[in-house]
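Scroll down for the structure; my scribbles are underneath it.
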Amino acid sequence: MKVALFWSEGEVGGAVLRKLTDGGDFVCVYTDAPAKARIDSINYEIQRGGVHDAEAMERTVQDADVVVCLIEPISRGSKKDVSTPYADGIENVLSVMKKYRKSRIYLVAPVCNAEKEKGRILRFFTKFFRSFAPHVYRDSCKAIEEVKNSGADFTVIRYMNPYLKNKKAGYLISEDGSKAKAGVSGENLARCVCDVVRGNLYGGCMPVVYNKKQD
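Residue numbers (full-length UniProt numbering): 1 to 215.
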């Protein structure tokens, strides 16, 4: 499988890239920081570009079977920042996908705008996230809505606290978030992303991933 992977510079993105390439998938990585996306593998290539670089995005997407976009971390920049770089980038990715008739997209994003959902912890995290990092919250909400309303075959893999260290017990997924717990390790989040992408799972859904052991 050929995967177009957008914004894999962080811990989770690096783990996703390694797991996909180790499993034999070929990954075209799109990033504005190539040095942060380099790994020891022959199963990937890097396209350098920013959120508005349509030509580089086209080179990344045109031969891909699926597109994976990552929003991480949940803490970055200034609370006063009114820009929405991830949402802007994803809007452009979706436009390129439409041009090349690509339909399958996976978005990995923090839980947001979940005040009316069943899970109590989702509602709590939404309030915390909005207060703690309103600029990232706004960006994430906009990105999720763009993907949901795009007409593409989407899956949004949601997470809350991605900083747990325990990874040995693996992860669980709550399809509607009602049974989700707050924490997931970066390694288990990456493992979940790869499993969902390879299995072509949760089409049209927004499952929440969390650690089996919350420590």
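All C-beta atoms in this analysis are idealised placements derived from N, C-alpha and C, irrespective of residue type, glycine included. Predicted model only: the values in this text are computed from it and were never measured.
Judged by DSSP in its simplified three-state form, D153 adopts strand. In the three-state DSSP reduction, T31 falls in the strand class (E or B). Counting of Cβ neighbours within 10 angstroms places I74 among the buried residues, the total reaching 16 or more. In this structure, DSSP gives S41 a state outside helix and strand, which the three-state scheme calls coil. The beta carbon of A182 is closer than 6 Å to those of I121, M160 and N161 in its chain, skipping five residues each way along the sequence. With a minimum length of 4 residues, the unbroken runs of alpha helix (DSSP H) contained wholly in the region 111 to 184 fall at 120 to 132 and 134 to 148. Look at the beta carbons and you see the region 43 to 62 touching the region 98 to 113: at least three pairs across the two are nearer than 8 Å.
Annotated three-state conformation of Y210 is strand, per DSSP. Here the alpha carbons of G177 and T155 stand approximately 14 Å from one another. Straight-line measurement puts the Cα of I90 at about 19 Å from the Cα of P34. The straight-line gap separating the alpha-carbon atoms of F128 and R76 is approximately 15 Å. In summary, R191 is buried, with 16 or more beta-carbon neighbours lying within 10 Å of its beta-carbon over all protein chains present.
Relative to the Cα of I42, the nearest Cα in the group H52, A56, G49 and F26 belongs to F26. DSSP places K99 inside the alpha helix (DSSP H), whose first and last residues are P85 to K99. Here I46 is bridged, per DSSP, to V29. Under the three-state reduction of DSSP output, C192 falls in the helix class. With distances taken between CA atoms, E11 lies nearest to N188 out of N188, Y210 and D22. In this chain, the beta strand (DSSP E) harbouring L5 covers K2 to F6.
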